[in-house]
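Below you'll find the structure, written out as structure tokens, and then a few comments.
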Amino acid sequence: MKKEDKSLIISQIEETLKSYSAYYLAETQGLNAEKTGALRRKCASQDIKMLVVKNTLLKKAFENIGIDYTQFGDAMKLNTALLLSNSGNAPAKLIKDFVGNGKVVSKPVLKAAYVEECFYVGANQLDALIAIKSKNELIGDIIGLLQSPAKNVISALQSGGNKLSGIVKTLSERES
Numbered sequence: 088m089k090k091e092d093k094s095l096i097i098s099q100i101e102e103t104l105k106s107y108s109a110y111y112l113a114e115t116q117g118l119n120a121e122k123t124g125a126l127r128r129k130c131a132s133q134d135i136k137m138l139v140v141k142n143t144l145l146k147k148a149f150e151n152i153g154i155d156y157t158q159f160g161d162a163m164k165l166n167t168a169l170l171l172s173n174s175g176n177a178p179a180k181l182i183k184d185f186v187g188n189g190k191v192v193s194k195p196v197l198k199a200a201y202v203e204e205c206f207y208v209g210a211n212q213l214d215a216l217i218a219i220k221s222k223n224e225l226i227g228d229i230i231g232l233l234q235s236p237a238k239n240v241i242s243a244l245q246s247g248g249n250k251l252s253g254i255v256k257t258l259s260e261r262e263s
């Protein structure tokens, strides 16, 4: 491959990486065409972009956008499928769902991930990645937590008002 072609491909990979916030490296070697097609369709239906790229070109693209790819360790060896998403846990859920119990399909296998500026290396990190909440989910949780005390105060005031009016009514009826 010519140097010009490589630099063009690297710049295309860079642009693609810049448009996503979560990067997953997975091993898909050994999947037949049918299962690979099914994986690609499942990725497309969940707004996950799947690319198969040469590791050397991916390393260069990571380097150019300021990500220290050395923290991926051995994950950038052999064949690598790149799963890109703007939801931190969507690719992890997809991998777990696609593999299921592992009897029918044992791939893709998570090699590493870069989510929310943190590195996760190894297939044993899959459950931790699934548990990551997206930015919108965290904002919703915070709003719920902030609203909870206010709702409790309003509820207490309303119920207290009903009790107070009941006491006043009982006292007024007693005096007559």
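Under the working numbering, the first residue of the sequence shown is numbered 88, with each subsequent residue one higher.
Beta carbons: idealized from backbone N, C-alpha and C, even for Gly.
Quick caveat: nothing in here was measured; it's all calculated off a predicted structure.
- Bridge pairing for Phe185: absent [DSSP].
- C-alpha of Leu169 to C-alpha of Ala113: approximately 6 angstroms in a straight line.
- In this structure, Ile217 sits away from Pro178, with a CB-CB distance that is not shorter than 7 angstroms.
- Shown here for Ala210: same chain residues with a beta carbon closer than 6 angstroms to its own, the five before and five after excluded, namely Val196, Leu197 in chain order.
- In the DSSP assignment, the residues bridged to Lys136 are Leu171.
- Burial state of Cys130 is buried, judged by a 10 Å Cβ sphere holding 16 or more other Cβ atoms.
- With contacts defined as CB atoms closer than 7 angstroms, Ala148 and Ile100 qualify as a contacting pair.
- In this chain, Ala210 is not harboured by any beta strand (DSSP E), its DSSP state being neither H nor E.
- Distance from the CA of Tyr110 to the CA of Gln234, rounded to the nearest whole angstrom, comes to 34 angstroms.
- Residue burial annotation: Gly124 is exposed, with fewer than 16 other C-beta atoms found within 10 angstroms of its C-beta.
- In this chain, Ala199 is not harboured by any alpha helix (DSSP H); it is covered by the beta strand (DSSP E) spanning 196–202.
- Our two residues, Thr157 and Ile241, have alpha carbons roughly 54 angstroms apart in a direct line.
- Shown here, Leu126 sits in a helix according to DSSP, grouped into three states.
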